[in-house]
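Residue numbers (my numbering): 151 to 742.
Heads up, the thing below is written out as structure tokens.
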């Protein structure tokens, strides 16, 4: 009998324990906090087989309209999302940041017009990209009052209070009962990839630590599936990437990514985590179909709806188109003003301006030089956001190229500080980088194979002077770089000589007064090997000539009696025979 009582007691104890494990997480929290840690070590399994979809975009940069150089337009994105939701309401629509800035449509209302469109489209959440801070942190905080969806970021912290600026995460329960946790991450690069003064009140904490904190909290909430809404990207030269996030943080089912403008057609698997990214400028709409089984199984399939598909098969959502048309009509009062005409394509393509000289970059810096009268100009390729097609140039075109409103500032710097700035700009070449320098008033060469900090050489001003590291110069730049944006630390704290209006206004005035002055590049930046001069057996047949103001190769040939082709053979670094700068030393074979 005693044995039977003991057995019944054990069975009753097991029954109590079993009932405790089946209790909802929030109920356990009221009883025993220690049990929560045990229960919440993993996501809760679903009680039945379920299927749902995640629709996603990233790096729209204010491109709401369809266009030759842009994407399908948000009116078509909206149609696709709404049609999918009609078929099955178990759908989330997410945005991975860099959304509310970058075009005239966005800039003239400081993002409010983009939010109007997003509200109508039915977004569920967005995280912030670095360019979403371009209007200042206060503007994002104010815009939240107009949003029908939350901004979620778990690693942006107020410096003075230590509190999080945004909601770190949200939980969405779909009609089929699946409970999805979504947390947001901003790139720490935001500290220098927007104007640093825009974010001086906050810090961008380690996203790895922030992710672990959010995941722990979401598991305690009893979620079935966890999404990281991330603006980290997958660029190898970034310290924090979504790849690193997936490698170092367990428990993330899906990373909806942005920042690197990467098109992942079927996603990227890292360990057990799927990473998806839809390129940029709404050229694609991403879709992830997720199936969760009550047996613990999970299946995820990623795909993209391309611009080509949408333009051929998808009608524009009339509600979205109406908003866009209304805003565009109002903006035309400003944007339709004609500035000039161009008979050439002015190149501002992202992959070009971030690793090389372009005719548009040359003209922008030449306009800054003409306005300021500085010794030289340096501006970052990342600030050039679009090209200008042949034909009529309007103010709207120029604002689209230069949407940040950056103003021109002249700094007094030493030759060493200027060289350090150039070293920073080209250090990642041939990788694309927003810091790549576009210049005027001088030329320089760099050797990509040399050590970082020792790549730049032969800095030569157009007046014929070589750069003197100990001399001071007046260098015009933009206010973003002047405070350390894009890691231009050598400019920080230097004396301000003068300030001018925005680059956009200066370029518009320059084109209006001068027309298109740069149909091709000038050969201001040259990548090549730095070699020590070695006298050869034939050196007695070669002499040095210093180019004088007004010289051309033709004039030099006429003066010296040396053929132009022979001059070019001795000077392999002259890539454009129509461009040669005063002060440059060239080798001349002795005339026969």
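All residues carry an ideal CB built from backbone N, CA and C; glycine is no exception.
All values reported here derive from a predicted model rather than from experimental measurement.
Residue i: first and last residue of the uninterrupted beta strand (DSSP E) it sits in
i, result
"residue 206", "200-207"
"residue 623", "622-628"
"residue 243", "241-245"
"residue 407", "404-407"
"residue 677", "675-677"
"residue 544", "541-544"
"residue 306", "306-308"
"residue 760", "Absent from the model: residue 760. The displayed extent of the chain is 151 to 742, so no value can be given."
Cβ-Cβ distance between residue i and residue j below 8 angstroms
i, j, result
"residue 443", "residue 407", "no"
"residue 552", "residue 617", "no"
"residue 421", "residue 396", "yes"
"residue 302", "residue 249", "no"
"residue 488", "residue 542", "yes"
"residue 546", "residue 486", "yes"
"residue 428", "residue 404", "no"
"residue 307", "residue 355", "yes"
"residue 611", "residue 526", "yes"
"residue 348", "residue 284", "yes"
"residue 548", "residue 654", "yes"
"residue 671", "residue 735", "no"
Which listed residue (the options) has its alpha carbon closest to that of residue i
i, options, result
"residue 365", "543, 378, 341 and 555", "378"
"residue 112", "248, 256, 249 and 202", "This structure gives no information on residue 112, because the portion of the chain shown stretches from 151 to 742."
"residue 386", "477, 561, 578 and 254", "578"
"residue 299", "267, 539, 540 and 391", "267"
"residue 278", "229, 338 and 270", "338"
"residue 419", "260, 450, 503 and 440", "450"
"residue 478", "259, 636, 381 and 243", "259"
"residue 245", "202, 680, 272 and 328", "272"
"residue 565", "609, 226 and 295", "609"
"residue 518", "322, 651 and 286", "651"
"residue 388", "336, 469, 321 and 544", "336"
"residue 228", "201, 200 and 274", "274"
"residue 510", "372, 521 and 535", "535"
"residue 320", "346, 286, 290 and 242", "242"
"residue 253", "602, 632, 555 and 675", "555"
"residue 722", "680, 698, 706 and 710", "680"
"residue 380", "369, 305 and 605", "305"
Own chain, CB closer than 6 angstroms to residue i, minus 5 neighbours either side, in chain order
i, result
"residue 457", "221, 222 and 433"
"residue 692", "737 and 739"
"residue 413", "429"
"residue 508", "497 and 502"
"residue 648", "560"
Under the three-state DSSP convention, the category residue i falls into
i, result
"residue 346", "helix"
"residue 154", "No answer about residue 154 holds up, because its pLDDT of 36 lies below 50 and its placement is not dependable."
"residue 587", "strand"
"residue 186", "The pLDDT assigned to residue 186 is 34, lower than 50, so where the model puts this residue is not dependable; a value taken from the coordinates is nonetheless given after this. Helix."
"residue 652", "strand"
"residue 496", "strand"
"residue 739", "strand"
"residue 693", "strand"
"residue 411", "coil"
"residue 277", "coil"
"residue 379", "strand"
"residue 434", "strand"
"residue 631", "helix"
"residue 487", "coil"
"residue 283", "helix"
"residue 505", "coil"
"residue 526", "strand"
"residue 670", "coil"
"residue 646", "strand"
"residue 593", "strand"
"residue 180", "Below a pLDDT of 50, predicted positions are generally treated as unreliable, and residue 180, at 28, falls in that range; the measurement from the model is reported next regardless. DSSP places residue 180 in helix when its eight states are reduced to three."
"residue 660", "helix"
Range covered by the alpha helix (DSSP H) that runs through residue i
i, result
"residue 565", "565-576"
"residue 608", "Note, residue 608: premise wrong, no alpha helix (DSSP H); beta strand (DSSP E) at 606-611."
"residue 360", "357-370"
"residue 459", "457-463"
"residue 256", "254-257"
"residue 271", "262-271"
"residue 705", "703-710"
"residue 229", "224-237"
"residue 396", "392-398"
Other residues of its chain near residue i: CB distance less than 7 angstroms, five sequence neighbours each side excluded
i, result
"residue 516", "590, 667 and 668"
"residue 416", "452 and 453"
"residue 187", "Confidence at residue 187 is low in this model, with a pLDDT of 38, below 50, so its placement is unreliable and the value that follows should be read with caution. No residues qualify anywhere along the chain."
"residue 687", "Model confidence at residue 687 stands at a pLDDT of 38, short of 50, so the residue's coordinates are unreliable; what they give is reported in the following sentence. No residues qualify anywhere along the chain."
8 angstroms Cβ shell around residue i - same chain, five flanking residues per side excluded
i, result
"residue 197", "327 and 444"
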